[in-house]
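Student: Got a structure for you, written out below as structure tokens; questions coming shortly.
Numbering (the numbering used here), first residue to last: 36 to 509.
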């Protein structure tokens, strides 16, 4: 038997405009699948395979929608011999009938024994035509799963669909193709293993390979994030002013160059992450209220991302704040969660939280005249946590952006109030301290410290990414 014969194959079927193509796009992570709000866009069976290392693991066939379910059912019930596969008989009977070409196209993979994934829009009521479609699929005897895809998020009719599908299908699942997370996609693939005993070994292998591939992509994403953080923390821009009157203009240019360089680091990291998770045809467009529409250097970003006031004081004890604060005095009254700070200290902490003095400009007078100006490296203890939040939030958006979505995502971090909405402020004290230690080592002049910090931070970020992709808070 050929290797092709061992590949589990599933025909995704249903009524026109119920979300079949969206399900295929999401399961295969393929944003090239043609998706339209107009019924009848899919007119032929198209093969969209899940591949890992150029090896086909699972085949999903996007099929035309049922055109004449009542007529098809009547024909099957009246003219098919008991020993004949109904889909095969239908294809043979109507192969040359152009009026039935869509139905023949739909039945062809069923005649070949493909598993059935029946997609229905659970946000609408059941119709007689739906019951006809279900009976047609039952008559084939093929392994079959009903996938209730509530396109409009309406669940009023959900139980009716579940009850009807339970009578006809081996398995029933609810799955929103436009908002399915990685964990939900994996859960659906796990369900497909149970559709047919003979397919289980191949499906186990396919799911295992897919999970290994996902871990590999997370590992690379963690490397990309580590590289971005390192470049941003180490960045310096320099310039000279030969005359006093040039100093302000050069200072302004250096700060702008510094900021633009970090923005490019972040954009480059985002681009690599987007490609890693196979968003190639469509670039996710963030809604107006997303905090990621703000760039790193706005006060709003620093209000909503990074650590809280107390957390940043604790992190600064490890990193060193560089703001003229004597940290040994800051912790005198913290044992019971209360603390008293001087006005100067509060101002310094406020500067960290707002991003002020994020990268100081150092001025060195030159003996022969003029000044040498340097911007960076960044010593604000809040900075790496804000940048880390931005990278993690972007990752969360990308992995949960179903490939069926070709508009904009809805479930993103939104600017709604003044509470922290990133990941780092939700970490426990030990985890924040661990990252602060990483950032401190990156500033070290000892190459061994830096190398170990890079490796440790990449491993730690990879664990966070795995937690995020499985809907947990790291």
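The beta-carbon is built from N, C-alpha and C at its ideal position, and this holds for glycine as well.
#1: On the DSSP bridge list, what partners appear for residue 458?
#2: Assign residue 493 to one of three DSSP states: helix, strand, or coil.
#3: Any idea what DSSP makes of residue 233, helix, strand or coil?
#4: How is the alpha helix (DSSP H) around residue 143 delimited, first residue to last?
#5: From residue 54 to residue 186, what does the alpha carbon distance come to, in whole angstroms?
#6: Would you check if the segment 487 to 501 and the segment 465 to 478 touch, i.e. whether three or more CB-CB distances between them fall below 8 Å?
#7: Closest to residue 111 by CA distance: which of 96, 128, 97 is it?
#8: Work out the CA separation of residue 126 and residue 157 for me, nearest whole Å.
#9: Our contact map puts residue 99 next to residue 164 with C-beta atoms below 8 Å; I'd like the distance itself, whole angstroms only.
#10: Can you give me the start and stop residues for the beta strand (DSSP E) that residue 207 sits inside?
#11: Using a Cβ distance threshold of 8 Å, determine whether the segment 220 to 238 contacts the segment 169 to 189, with at least three qualifying pairs required.
#12: Would you list the residues sitting across from residue 84 in a DSSP beta bridge?
#13: For residue 139, which residues from the same chain have a beta carbon less than 8 Å from its beta carbon, with the 5 sequence-adjacent residues on both sides left out?
#14: Starting from residue 152 and walking both ways along the beta strand (DSSP E), at which residues does that stretch end?
#15: Using a Cβ-Cβ cut-off of 8 Å (strictly less than) and excluding sequence neighbours within five positions of residue 412, which residues of its own chain qualify?
#16: In chain order, what residues of the same chain lie with their CB nearer than 8 Å to the CB of residue 155, ignoring the 5 residues before and after it?
#17: Can you give me the C-alpha to C-alpha distance between residue 499 and residue 295, rounded to a whole angstrom?
#18: Less than 8 Å between the C-beta atoms of residue 433 and residue 314, yes or no?
#19: Identify the continuous alpha helix (DSSP H) that holds residue 284 and give its terminal residues.
#20: Once DSSP output is grouped into helix, strand and coil, what is the label at residue 179?
#21: Helix, strand or coil for residue 411? Go by DSSP, reduced to three states.
#22: Which value, in whole angstroms, describes the spacing of the CA atoms of residue 492 and residue 168?
#23: Cβ of residue 351 within 8 Å of Cβ of residue 416?
#24: Count the C-beta pairs between the segment 209 to 224 and the segment 454 to 466 that are closer than 8 Å, then say yes if the count reaches three, no if not.
#25: Confirm, please, whether the CB-CB distance from residue 407 to residue 275 is below 8 Å.
#26: Measuring CA to CA, which of 405, 206, 191 is closest to residue 281?
#27: I need the boundaries of the alpha helix (DSSP H) containing residue 218, first residue and last residue.
#28: So is residue 145 buried or exposed if we call it buried at 16+ other beta carbons inside 10 Å?
#29: Just to confirm my understanding: we take residue 193, look at its own chain, exclude 5 residues before and 5 after, and list those with CB closer than 6 Å. What are they?
#30: Can you look up residue 475 in the DSSP assignment and give me helix, strand or coil?
#31: Could you tell me which residues DSSP puts in a beta bridge with residue 273?
#32: Mind checking whether residue 95 and residue 153 have CB atoms under 8 Å apart?
#33: Taking residue 192 as part of the alpha helix (DSSP H), name the residues at either end of that continuous run.
Tutor: With the structure as the only source:
#1: Within the chain shown, numbered from 1, the residue matching residue 458 stands at position 423. According to DSSP, residue 458 bridges with nothing at all.
#2: Here residue 493 refers to the residue found at position 458 when the chain shown is read from its first residue. Residue 493 falls in the helix class under three-state DSSP.
#3: Against the chain shown, residue 233 aligns to sequence position 198. If DSSP states are grouped into helix, strand and coil, residue 233 belongs with the helices.
#4: In the chain shown, the residue the question calls residue 143 occupies position 108. Counting along the chain, the alpha helix (DSSP H) containing residue 143 begins and ends at 136 to 146.
#5: Here residue 54 corresponds to residue number 19 of the chain shown, with the count starting at 1. Here residue 186 corresponds to residue number 151 of the chain shown, with the count starting at 1. Near 7 Å, if we compare the C-alpha coordinates of residue 186 and residue 54.
#6: yes
#7: The count along the chain shown starts at 1 and reaches residue 111 at position 76. Considering only alpha carbons, the answer is 128.
#8: By 1-based counting over the chain shown, the position of residue 157 is 122. By 1-based counting over the chain shown, the position of residue 126 is 91. Approximately 29 Å, taken between the alpha carbons.
#9: Residue numbering aside, residue 99 sits at position 64 when the chain shown is read from its first letter. Residue numbering aside, residue 164 sits at position 129 when the chain shown is read from its first letter. Incorrect: roughly 15 Å between the Cβ atoms, too far for contact.
#10: On the chain shown, position 172 is the one that residue 207 refers to. That run of the beta strand (DSSP E) goes 206 to 209.
#11: yes
#12: Walking along the chain shown from the start, residue 84 turns up at place 49. Looking at the DSSP assignment, residue 84 forms a beta bridge with 94.
#13: Here the question's residue 139 lines up with position 104 in the chain shown. Excluding residues within five positions, the ones whose Cβ falls inside 8 Å are 125, 126, 129, 130, 132.
#14: By 1-based counting over the chain shown, the position of residue 152 is 117. Unbroken beta strand (DSSP E) run through residue 152: 150 to 155.
#15: Here residue 412 refers to the residue found at position 377 of the chain shown. Same-chain partners within the cutoff: 268, 269, 270, 271, 394, 478.
#16: Counting from 1 along the chain shown, the entry for residue 155 is found at position 120. 49, 50, 53, 165, 181, 182, 183, 184, 196, 200, listed in sequence order.
#17: Numbered from its first residue, the chain shown carries residue 499 at position 464. Numbered from its first residue, the chain shown carries residue 295 at position 260. Computed Cα separation, rounded: 28 Å.
#18: In the chain shown, counting from the first residue as 1, residue 433 sits at position 398. In the chain shown, counting from the first residue as 1, residue 314 sits at position 279. Yes, the pair counts as a contact, with Cβ atoms nearer than the cut-off.
#19: The residue you call residue 284 lines up with position 249 of the chain shown. That run of the alpha helix (DSSP H) goes 282 to 311.
#20: One-based indexing of the chain shown puts residue 179 at position 144. Note: residue 179 maps to strand in three-state DSSP.
#21: Residue 411 sits at position 376 when you count from the first residue of the chain shown. Annotated three-state conformation of residue 411 is coil, per DSSP.
#22: Within the chain shown, residue 492 is the residue found at index 457, counting from 1. Within the chain shown, residue 168 is the residue found at index 133, counting from 1. Looking at the two C-alpha atoms, the distance is approximately 53 Å.
#23: On the chain shown, residue 351 is found 316 positions in, with the first residue counted as 1. On the chain shown, residue 416 is found 381 positions in, with the first residue counted as 1. Yes, the pair counts as a contact, with Cβ atoms nearer than the cut-off.
#24: no
#25: For this step, residue 275 is matched to residue 240 along the chain shown. For this step, residue 407 is matched to residue 372 along the chain shown. Contact: yes.
#26: On the chain shown, position 246 is the one that residue 281 refers to. When only C-alpha atoms are compared, the closest one is 405.
#27: Here residue 218 refers to the residue found at position 183 of the chain shown. 217 to 227 is the span of the alpha helix (DSSP H), which, as asked, contains residue 218.
#28: On the chain shown, position 110 is the one that residue 145 refers to. When all chains shown are included, residue 145 counts as buried.
#29: Start at 1 with the first residue of the chain shown, and residue 193 comes out as number 158. Closer than 6 Å at Cβ, skipping near neighbours: 157.
#30: Counted from its first residue, the chain shown places residue 475 at position 440. Helix.
#31: Taking the first residue of the chain shown as 1, we reach residue 273 at position 238. The partner list for residue 273 (beta bridge, DSSP) reads 409.
#32: Sequence index remark: in the chain shown, residue 95 carries index 60 (1-based). Sequence index remark: in the chain shown, residue 153 carries index 118 (1-based). No. Outside cutoff.
#33: Position 157 of the chain shown, counted from the start, is the residue given in the question as residue 192. Where residue 192 is concerned, there is no enclosing alpha helix (DSSP H), because DSSP gives it neither an H nor an E.
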